[in-house]
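Chemist: There's a structure below that I have some questions on.
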Amino acid sequence: MKKLTYFRIGVLVIVGLISLIGGFAYLNSHVFKSKASENELNISIWGQKNIDPRSLKIGQKVIVNFLLKPVSTTTKISAFSVKLSKTGDNFSISSISTPRVYGTTIFEPSYFTRIGGTGTAAQYVIKKTTSQLPNTILIPVAITILKKTNLTSSSLSISASESQVVGPVAGYAYNIISSEPVTVNDPSVYASTPVPTTITQPSPTTDIPVDIVSPGPVATLFPTTAIGPDMIRLIMSIRFQGVTEAPVSQFKTINVRVGLAKKGEDPTYKQVSFAASETGIWTGNADFTAAAGTNYIVYVKGPKHLQKKICDALPTEDSTKPGTYHCLNNAITLKQGDNNLNFSGIALLAGDLPDQSNTQQGLIDSTTLTRITTYFGKKDAASLNVADVDMNGRINTQDYVYVLRALSIKYDEE
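Sequential numbering from 63 applies to the sequence shown in my numbering.
Take a look at the structure:
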């Protein structure tokens, strides 16, 4: 009887081991993919890839945008853990900002849930259904410029060996095959600084626009498509008077009128969607049919702002006197294709308030001050659209002060 019992126990143990081994084999082949079978993913820089500290200020923050993009255009991302890798001492890492879904206007922080990581590391999950999961994610990282002279070879990247990106199902990890760095140095150093050549760049039909990071941080959120050979694309960053941080949701994306003309000619205008960053810098692209040239003027007008005539690719003004930049005898040189114009060093003055039908007069006068007071305390969308100058969801005396300051500045822009 005992021998029979031992025999039965032995059979059960063997069956159990076979089941356990089979279970592990199933998990390994269906859930936990091997390194060889993982899908591939590239980490690239979206925007300026070489930052020159000499053109910035010590202590100035700049946004570097990293793009997580699977090689396959049909796969999704449900979670990721990233670890930053830094070399040199020309800058410090300030923070990792809330990620964005590339190619959309999704700004809501609730889309991404941070589950861990501090300092140079961050872990996020995306609590959405599979159909809502993104294919490409943009991660903004704020850095602070520490040096303008005695520069050393410095760079920032996401460490491929210390980071992980998860696909649409548990256990599906991407194989990070390349991670592109951004260099922070004198441009003369770039030529001698080797850059990985294994980066898989986006195809020409979904090329990524370049952001200019000086003097204000930039985070463009709109995808671009290839343009024709006789086209000029303006990739712009702008700043509005009184706005120093992310606006309320109503103003996350706004329409801006952009004009382009050669000196002495009438401008051609386009209505362009601009997206806001967490630091209150808006970015957008405008395409024009035009030839390359050296004597271009750009006109920019916000939804409740005076038009600004700009004749410098990187205009600046006294930060204590916003709105005092004036176009003198300079002109902007533009080439066919992409042209990076960072206008965030100057403020677009508020004051040309629209009426309820969204019509503007093109000027600011004393009646504007009287009019803005009639909106004090109102919070409905229509009122905010007219008189919320600093775009913080409130209409109060601060908005009045901004318009008053704008009125005090001699304004004769065309």
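Every residue, glycine too, gets a C-beta built ideally from N, C-alpha and C.
(1) Consult DSSP for L195 and reduce its assignment to one of helix, strand or coil.
(2) Which residue from E224, P115, D400, G413 puts its Cα closest to that of V246?
(3) Tell me where the beta strand (DSSP E) around A141 begins and ends.
(4) Who are A204's beta bridge partners in DSSP?
(5) Whose C-alpha, out of Q398, P230, S225, G229, is nearest the C-alpha of S240?
(6) Would you report the Cα separation of P271 and G181, rounded to the nearest angstrom?
(7) Pick from G364, A449, A308, G399: whose alpha carbon is nearest that of L296?
(8) Determine, using beta-carbon pairs with one atom in the region 343 to 360 and one in the region 440 to 455, whether at least three such pairs fall under 8 Å.
(9) Report the three-state DSSP secondary structure of T429 (helix, strand or coil).
(10) Can the beta-carbon of P161 be found closer than 8 Å to that of I201?
(11) Can you give me the Cβ contacts of I177 inside the same chain, cut-off strictly under 6 Å, excluding the 5 residues immediately before and after it?
(12) Could you pull out every residue in the same chain whose Cβ sits closer than 7 Å to the Cβ of K325, ignoring the five residues on either side in sequence?
(13) Can you tell me the Cα-Cα spacing of E327 and P365, whole angstroms?
(14) Do you know how far the Cα of D450 is from the Cα of L118?
(15) My assumption, with CB atoms under 8 Å, is that N152 sits in contact with L195. Please give the rounded CB distance.
(16) Please go through the same chain and pick out, in chain order, the residues whose beta-carbon is closer than 8 Å to the beta-carbon of H367, but skip the five residues on each side of it.
(17) DSSP puts A337 in a beta bridge; with which residues?
(18) Which word fits S193, buried or exposed, when buried means at least 16 other C-beta atoms lie within 10 angstroms of its C-beta?
(19) Within 10 angstroms of its Cβ, does N317 collect 16 or more other Cβ (buried), or is it exposed?
(20) Going along the chain, which residues of its own chain have a beta-carbon closer than 8 Å to the beta-carbon of I120, five neighbours each way excluded?
(21) Is it buried or exposed, A141, if we count other Cβ atoms within 10 angstroms and call 16 or more buried?
(22) Give the range of the alpha helix (DSSP H) segment to which S467 is assigned.
(23) Exposed or buried, what is G385 when buried is set at 16 or more other beta-carbons lying within 10 Å of its beta-carbon?
Modeler: In this structure, then:
(1) Residue state for L195 is assigned as coil, using DSSP reduced to three classes.
(2) Of all alpha-carbon atoms in E224, P115, D400, G413, the one lying nearest the alpha-carbon of V246 is that of P115.
(3) First-last of the beta strand (DSSP E) with A141: 141 to 149.
(4) In DSSP, A204 forms a bridge with I125, S157.
(5) With distances taken between Cα atoms, S240 lies closest to S225.
(6) Note that P271 scores 28 on pLDDT, short of 50, meaning its location in the model is unreliable; the coordinates nonetheless yield the value given after this. Cα to Cα, P271 sits roughly 28 Å from G181.
(7) Out of G364, A449, A308, G399, G399 has the C-alpha closest to the C-alpha of L296.
(8) With a cut-off of 8 Å, the region 440 to 455 and the region 343 to 360 do not count as touching, because too few Cβ pairs lie within range.
(9) Judged by DSSP in its simplified three-state form, T429 adopts helix.
(10) Against a cut-off of 8 Å, the Cβ pair of I201 and P161 comes out as a contact.
(11) Within the same chain, I177 has close Cβ partners Q185, V187.
(12) Within its own chain, the residues whose Cβ lies closer than 7 Å to the Cβ of K325, once the five positions on either side in sequence are excluded, are N357, I359, A393, listed in chain order.
(13) Going from the Cα of E327 to the Cα of P365 covers about 24 Å.
(14) Here the alpha carbon of L118 sits roughly 31 Å from the alpha carbon of D450.
(15) Contact doesn't hold; Cβ gap of about 37 Å is too wide.
(16) Annotation for H367: F302, Q303, L410, L411, A412, G413, D414 place their beta carbon closer than 8 Å to its own, counting only its chain and skipping 5 residues before and after.
(17) Beta-bridge partners of A337 (DSSP): T315, T345.
(18) Exposed: under 16 other Cβ atoms inside 10 Å.
(19) N317 counts as exposed, since fewer than 16 other beta carbons sit within 10 angstroms of its beta carbon.
(20) Answer for I120: I207, L208, K209, K210, listed in chain order.
(21) Counting Cβ neighbours within 10 Å, A141 comes out buried, since at least 16 surround it.
(22) Note that residue 467 is Arg in the sequence shown here, rather than Ser. Looking at the DSSP string, the run of the alpha helix (DSSP H) that includes R467 is 459 to 470.
(23) Counting the other CB atoms within 10 Å of its CB gives G385 a total of 16 or more, which places it among the buried residues.
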